[in-house]
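Position 210, counted from 1, in the sequence shown is what the working numbering calls 210; the numbers after and before it change by one each time, with no gaps.
Ideal Cβ placement from N, Cα and C applies to all residues, glycine included.
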Amino acid sequence: MNLDGKICIITGGASGIGFEIAKKFAAAGGKVAIADINVDAAKTAAKSLGEGHLGVDMDVTEPDAVQRGVDKVIDAHGRVDVLLSNAGIQMVKRVEEFTLEEWRKVVSIHLDGAFLTSKAVLPHMYKQGSGTILYMGSVHSQEASALKAPYVAAKHGLMGLARTIAKEGGEKGVRTNVICPGFVKTPLVEKQIPEQARDLGLSEEEVVNRVMLGETVDKQFTTVEDVAHTALFLATFPSNALTGQSIVVSHGWRMD
Ligand code: NAD
């Protein structure tokens, strides 16, 4: 699976899953632009990949920041071949406890971020006649869990956006797919364990074994490597045969 100098933008690539995918894409020959709201971390992460990779300042909820970031990649490389819209956050509380501001923040990072970055790269991909857009969904693109209303709603929404762009982009050589991981131990998940224990009245061990891993086939966390492997498979898939789809990578949690 080779990316052969392909130009890849990864949002939220300074940490966790996005950074592991950045390493995988770079090792496969891609030139990676790590676009993150934490610009210092993005630059450090890009530097750690070696020559030719970029750290880009981008808040994915801000249209001007997204356009500036994509323009920077186009100025440097003249094209963009892969977009991975991955930036995300989580907040856990019951629906009646979420403020509208909190709801909007979670939905905006996931859905506005996916829309704005797609809108910025699509004209370039259409001009080239090729491109791949990947969205970082979740098992929560297809399944719900208590305490995660805006996250679950936004992750379901990514499926609709991906399927629409698959239809609009098909004849122009642009494919789009959604990666749906189960629980992966990153800062985003580490933070939730004590929060869910408090809100559900469980011990942290019970949150891990019952809430997070209870429906897996082997009580194992999915790893960042598992997700990166799936991302590389989708990024290098050679035709429109695989578009508008999702792949669940979750140790068997949520089987269709
Ligand atoms: P993480 O917290 O390690 O990384 C998230 C990254 O997004 C950080 O670098 C952060 O700075 C960046 N970010 C946050 N807000 C941003 C914004 N407005 N603009 C640009 N960048 C922003 O989290 P992670 O676990 O690696 O999550 C990455 C993606 O994977 C998210 O979309 C998450 O929903 C999804 N996901 C995670 C899991 C899991 O169990 N960890 C499971 C399924 C899906």
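Please determine whether the Cβ atom of PRO187 lies at a distance below 7 Å from any heavy atom of the ligand NAD.
Position 187 of the sequence shown, counted from the start, is the residue given in the question as residue 187. Correct: PRO187 has its Cβ closer than 7 Å to the ligand NAD.
Enclosing alpha helix (DSSP H) for VAL152 [first to last residue]:
Against the sequence shown, residue 152 aligns to sequence position 152. 149 to 169 is the span of the alpha helix (DSSP H), which, as asked, contains VAL152.
Round the Cβ separation of ALA114 and SER85 to the nearest angstrom and send it over; I've been treating them as touching at under 8 Å.
Position 114 of the sequence shown, counted from the start, is the residue given in the question as residue 114. Position 85 of the sequence shown, counted from the start, is the residue given in the question as residue 85. With 8 Å as the limit, ALA114 and SER85 qualify as a contact, their Cβ atoms being about 4 Å apart.
Buried or exposed (CB count within 10 angstroms, at least 16 for buried), ALA42
Within the sequence shown, the letter at position 42 stands for residue 42. Buried, by the Cβ-count rule.
Taking DSSP's pairing of strands, which residues face TYR135 in a bridge?
Counting from one through the sequence shown, the residue named residue 135 turns up at place 135. In DSSP, TYR135 forms a bridge with SER85 and VAL178.
Whether or not the region 117 to 133 and the region 214 to 229 are in contact is what I'm after, with contact meaning three or more pairs of Cβ atoms, one per stretch, closer than 8 Å; do they touch?
Counting Cβ pairs under 8 Å, fewer than three are found: no touch.
Less than 7 Å between C-beta atoms, sequence neighbours within five positions excluded: which residues of the same chain meet that for VAL189?
For the purposes of this step, residue 189 is identified with residue 189 of the sequence shown, where counting begins at 1. For VAL189, where only same-chain residues beyond five positions count, the Cβ hits under 7 Å are PHE183.
VAL56 vs ALA87 beta-carbon contact at 8 Å:
Position 56 of the sequence shown, counting from 1, holds the residue named residue 56. Position 87 of the sequence shown, counting from 1, holds the residue named residue 87. Their beta carbons are not under 8 Å apart, which means VAL56 does not touch ALA87 by this criterion.
So, using beta-carbon positions, are LYS257 and GLY5 closer together than 8 Å?
As displayed, the chain neither begins before 1 nor continues past 256, which places residue 257 out of reach and without an answer.
Quick one: give me the first and last residue of the alpha helix (DSSP H) that ILE9 is part of.
Residue 9 sits at position 9 when you count from the first residue of the sequence shown. Unbroken run through ILE9 is the beta strand (DSSP E), 7 to 11; no alpha helix (DSSP H).
Candidates ASP256, ALA65 and VAL248: which alpha carbon is nearest ALA120's?
One-based indexing of the sequence shown puts residue 120 at position 120. Taking only the C-alpha atoms, the option nearest ALA120 is ALA65.
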